[in-house]
Structures are given as C-alpha cells and as structure tokens.
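Heads up: the sequence shown begins at 169 in our numbering, then just goes up one per residue. Backbone N, C-alpha and C fix where the C-beta goes; we use that ideal spot for every residue, glycine too. Just so you know, these numbers come straight off a predicted model, no measurement behind them. Below: the structure, in structure tokens.
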Amino acid sequence: MLSIRNQFPIFNQILSKGQPVTFLDTAASAQKPRSVIEREAEVAERFYANAYRGVYRFGALVDEELEASREAVRQFIGAASTEEIAFTAGATMSLNMIAHGWGNRHLQPGDEILLSVLEHHANFVPWQQVAQRTGAMLRFIPLTATGELDLSDPTLFNERTKVVTVTGMSNVLGTQPPLDELSRKTHDVGAVLVVDAAQSLPHGPVDVSATGIDFLAFSGHKVYGPTGVGAMYGRRELLEAMEPLLFGGHMIDQVHLDHSTWAAPPARFEAGTLPILQAIALRPAIELVQSLGAMAIHEHELALTQAAHAALAEIPGVTIYGPAPEQKGAIVSFTMQGAAAEDIAHLLDRKGVFVRHGHHCTMPLHNWLQVPATVRASFGVYNTLEDVERLADALRYVRERLKLD
Ligand SMILES: Cc1ncc(COP(=O)(O)O)c(C=O)c1O
Numbered sequence: 169m170l171s172i173r174n175q176f177p178i179f180n181q182i183l184s185k186g187q188p189v190t191f192l193d194t195a196a197s198a199q200k201p202r203s204v205i206e207r208e209a210e211v212a213e214r215f216y217a218n219a220y221r222g223v224y225r226f227g228a229l230v231d232e233e234l235e236a237s238r239e240a241v242r243q244f245i246g247a248a249s250t251e252e253i254a255f256t257a258g259a260t261m262s263l264n265m266i267a268h269g270w271g272n273r274h275l276q277p278g279d280e281i282l283l284s285v286l287e288h289h290a291n292f293v294p295w296q297q298v299a300q301r302t303g304a305m306l307r308f309i310p311l312t313a314t315g316e317l318d319l320s321d322p323t324l325f326n327e328r329t330k331v332v333t334v335t336g337m338s339n340v341l342g343t344q345p346p347l348d349e350l351s352r353k354t355h356d357v358g359a360v361l362v363v364d365a366a367q368s369l370p371h372g373p374v375d376v377s378a379t380g381i382d383f384l385a386f387s388g389h390k391v392y393g394p395t396g397v398g399a400m401y402g403r404r405e406l407l408e409a410m411e412p413l414l415f416g417g418h419m420i421d422q423v424h425l426d427h428s429t430w431a432a433p434p435a436r437f438e439a440g441t442l443p444i445l446q447a448i449a450l451r452p453a454i455e456l457v458q459s460l461g462a463m464a465i466h467e468h469e470l471a472l473t474q475a476a477h478a479a480l481a482e483i484p485g486v487t488i489y490g491p492a493p494e495q496k497g498a499i500v501s502f503t504m505q506g507a508a509a510e511d512i513a514h515l516l517d518r519k520g521v522f523v524r525h526g527h528h529c530t531m532p533l534h535n536w537l538q539v540p541a542t543v544r545a546s547f548g549v550y551n552t553l554e555d556v557e558r559l560a561d562a563l564r565y566v567r568e569r570l571k572l573d
C-alpha cells in the first residue's frame with residue numbers, strides 16, 4: 169500500500185516545523201489521487217459540454233464518459249443494470265430521494281421503519297421526516313454494549329415492517345451490520361432494505377445483487393473521488409414505482425400545461441445539469457479501489473486499526489468506543505479523560521495530525537454513548553503505521569500540554 173500514497177499529491181508536502189501530513193479524517197472525506205484530479209482537468213480542457221443534450225462531438229463524448237462512469241459504478245456495487253444507478257450530489261441526497269420518493273408514496277400510518285441509533289443524520293432525519301408526514305413509526309434495533317446490532321428480539325421484523333434502513337459501516341464506531349442476515353430478515357417480512365454505504369464502500373466490497381440490497385446510497389468524495397457527486401442505486405421495480413424528489417430538465421417524459429410525466433429511471437432522478445466533471449472523474453477513483461482489491465485494503469486498514477487500538481490503550485485516560493478492530497471498519501473514536509474533544513483536535517493539529525471531533529452527525533448515537541463528543545481517527549489506503557505512531561505521540565503531547573499526567 170505504501171506506493172499508493174505517492175499517487176495522492178497532497179502528501180507531497182511538508183507542513184510547518186517539518187511535519188508530514190498525518191491525515192486521519194478519511195471518514196469525513198478522502199484525499200484525491202492524481203488520476204481523479206487530472207481526469208476532471210482533462211475533461212474541462214479537452215471536451216467539456218453539458219450532458220445528454222448536445223449531439224455535437226463534445227456533447228457526445230461527455231455522454232459516453234458519463235455512461236462509462238455509470239457502468240463503473242454498476243460493476244463496483246454489483247447492480248444488474250446501469251438503469252438502476254442515478255448520479256446524485258452524494259449520499260445525503262440519495263437517502264433523501266429514497267426516503268421521500270419511496271417512503272412518502274409507500275408508507276402508511278402504523279407501518280414501521282426499522283433502523284438504529286448508529287445512523288448518520290443523513291440516514292435518520294429524512295426517515296424521521298417521512299414518519300411524521302405519513303404516520304409511520306421509527307423503530308430502533310437495540311445495540312449491544314459494544315455498539316453492534318442486537319437482532320435477538322423476534323418482534324423486530326414483523327408484518328408492519330416496511331423498510332429497514334441501516335448504515336453499511338458506522339461513521340463513529342466502525343460497526344458493520346450483518347447485511348446478509350438483515351437482507352434475509354427484511355425480505356422474510358416483505359420489507360425493503362436500504363443501505364447507507366457512504367462509509368462502507370471505500371473499505372470493502374458490496375454486491376447489491378448477491379446481498380439483496382434494494383436501495384443503496386454513497387458519496388464519491390469518501391471513495392477517493394470528487395465532491396458533489398454520488399449515486400443512488402435502486403432495484404428497477406422500486407425505482408419505477410418511485411416519485412422523483414427534484415423536478416425540472418432531463419427528468420421528464422411529457423410536459424403539458426396541467427400535468428407532466430416522468431422519464432424512465434435513471435433520468436427520472438437526474439433533474440437539471442449533473443455534476444459532469446465530478447461524475448466522470450468518479451470512474452478513476454473506483455478503478456483505483458478496484459485495482460488495490462478489497463482484501464488488500466481490508467488487511468491494510470485492519471493492521472492500522474489494530475495498531476491504533478494497541479497504541480491508544482497505552483495512553484492513560486483514553487476510552488475507545490465500539491467493537492474490537494477485527495469486528496469493525498477502519499475508524500477509531502475515543503475520548504480522553506480530562507480533555508475536551510475539541511481541545512484534543514486542536515492540539516493534534518499542532519503536530520500535523522488531522523482528526524475530527526464532535527458528534528460526527530450522530531447525536532442519537534452520542535446520547536447512547538453518554539458522551540457529548542468523541543475524537544475520531546479514521547484511516548484510508550494511504551495511511552501508514554507511522555501515522556498511527558504520530559497519533560499516539562501527539563496524544564502524549566496533549567496530555568503534557570493539558571497537564572494531565
Ligand atoms: C454513514 C454516513 N452516511 C451518510 C453521510 C453523508 O455523506 P455526504 O455528506 O457525502 O452526503 C456520511 C458522511 O459523513 C456518513 O458518514
């Protein structure tokens with residue numbers, strides 16, 4: 169994996185005081201490889217035009233590139249057809265489209281939406297809104313002491329369950345819910361399974377067809393791709409029976425003075441001008457992840473996560489939240505007794521160590537953890553064991569500065 173770091177230009181710099189960049193915030197947004205940066209520039213410099221509108225050669229090339237990118241997404245997530253993949257602005261938009269477009273149309277008073285407090289607000293608030301609008305109820309899957317889903321209650325999945333919506337990987341605890349089991353239980357009661365793959369996709373393989381995932385959402389920027397683009401996957405029959413969230417150009421079939429009809433998916437869900445450069449440059453990001461291979465990425469990130477757990481265990485006052493490294497993704501969230509999360513993040517920055525602090529858009533989860541905020545170190549393909557050592561050294565510096573010893 170070390171050679172991969174050279175493909176990310178951001179690491180070719182030395183910060184003030186001779187510090188290297190120790191970037192431990194990939195869960196918020198991943199750094200970009202040269203192939204992604206150059207692809208966006210290449211399209212802008214050589215053949216940029218609007219998409220799905222012009223027949224002139226630039227327009228045709230843009231359409232071709234966008235469809236190649238859609239095909240790359242299809243392969244990446246194991247979808248049956250590119251017609252099941254709509255480009256969106258990212259996971260948040262995809263999840264809102266699913267919740268409103270499918271939920272508003274198909275949920276009724278008394279129906280249950282099954283989810284857990286692990287969810288990022290992007291996969292929580294839209295469903296809360298839909299529940300308020302339709303009279304459906306949010307029902308929560310309990311968590312075990314280490315923050316994994318406790319599916320032992322036989323009443324969780326029942327005839328009122330209409331949708332089960334889960335994160336593929338918690339952005340705080342790293343928990344990876346058992347998607348195969350959830351898919352079986354969801355389909356046994358005739359419900360649909362929505363997976364928020366914003367965190368999981370960069371770290372491991374997903375196959376919507378093999379697993380039986382009905383809807384999936386992800387963001388390009390977390391998978392080493394550009395910002396402003398992501399995708400919504402939906403099984404064909406579900407997309408066909410779903411309302412768009414946005415209305416306007418490209419998504420219509422016929423527009424009359426008194427009513428309009430919609431184009432077939434995916435165009436129905438792509439109103440307006442797409443993030444063209446970004447959607448095209450998503451393909452080299454996917455190709456990079458595929459070229460490394462899911463198993464190699466997993467092994468590399470597991471080694472970093474194990475090393476981080478071991479190093480942080482040596483530091484007095486540190487509590488790590490969530491499952492053991494072997495049971496989770498490459499995220500280590502922690503608190504340090506006597507130090508506010510924000511102060512820790514500021515002091516780590518002085519050492520060139522970049523982490524996120526706060527509730528990470530998961531207030532219900534932090535209420536469950538009974539802490540207002542955590543510090544989160546998250547890893548990507550470019551991180552190294554030296555990064556983990558620098559985190560541990562910098563945390564010792566925090567203790568010194570705050571006179572905690
Ligand atoms: C689990 C999870 N879901 C959804 C999102 C929202 O992603 P975006 O802000 O790219 O729409 C995030 C972002 O942190 C996330 O971690």
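Is the beta carbon of residue i sitting closer than 8 Å to the one on residue j?
| i | j | result |
| --- | --- | --- |
| residue 301 | residue 282 | no |
| residue 431 | residue 419 | yes |
| residue 354 | residue 376 | no |
| residue 338 | residue 366 | no |
| residue 399 | residue 253 | yes |
| residue 542 | residue 340 | yes |
| residue 294 | residue 268 | yes |
| residue 452 | residue 197 | no |
| residue 497 | residue 449 | no |
| residue 547 | residue 480 | no |
| residue 587 | residue 477 | Within the shown structure, residues of the chain are numbered from 169 to 573, placing residue 587 beyond reach of any answer. |
| residue 499 | residue 566 | no |
| residue 438 | residue 371 | no |
| residue 230 | residue 209 | no |
| residue 262 | residue 334 | no |
| residue 245 | residue 357 | no |
| residue 235 | residue 256 | no |
| residue 447 | residue 364 | no |
| residue 201 | residue 243 | no |
| residue 275 | residue 298 | yes |
| residue 369 | residue 336 | yes |
| residue 532 | residue 292 | yes |
| residue 539 | residue 460 | no |
| residue 397 | residue 346 | no |
Using the beta-carbon count (16 or more within 10 Å), is residue i buried or exposed?
| i | result |
| --- | --- |
| residue 279 | buried |
| residue 423 | exposed |
| residue 553 | exposed |
| residue 427 | exposed |
| residue 390 | buried |
| residue 514 | exposed |
| residue 320 | exposed |
| residue 264 | buried |
| residue 385 | buried |
| residue 417 | exposed |
| residue 464 | exposed |
| residue 458 | exposed |
| residue 445 | buried |
| residue 555 | buried |
| residue 535 | exposed |
| residue 551 | buried |
Just checking residue i against ligand 2 - is the residue's beta carbon closer than 7 Å to any of the ligand's heavy atoms?
| i | result |
| --- | --- |
| residue 360 | You won't find ligand 2 in this model; what it holds is ligand 1. |
Report task. May I have all residues whose beta carbon comes closer than 5 Å to any heavy atom of ligand 1, sorted in chain order? Result -> 258, 259, 260, 288, 290, 335, 339, 364, 366, 367, 387
Requested in this report: Give a yes or no on contact between the segment 474 to 490 and the segment 502 to 521, applying the rule of three or more CB pairs nearer than 8 Å.
Outcome: Output reads yes: the segment 502 to 521 touches the segment 474 to 490.
**Report entry** Stretch-stretch touch, CB-based, cutoff 8 Å, three pairs: the segment 509 to 524 with the segment 554 to 561
**Finding:** yes
Requested in this report: Mind the definition here: the segment 306 to 323 touches the segment 377 to 384 only if three or more C-beta pairs lie below 8 Å; say whether that holds.
Outcome: Result no; under three Cβ-Cβ pairs closer than 8 Å.
Query raised in the report: Does the segment 391 to 404 come within contact of the segment 209 to 228, defined as at least 3 CB pairs closer than 8 Å?
Result: no
Requested in this report: May I ask you to verify whether the segment 178 to 187 touches the segment 523 to 531, counting CB pairs closer than 8 Å and requiring at least 3?
Outcome: No: the two stretches stay apart, fewer than three of their Cβ pairs being nearer than 8 Å.
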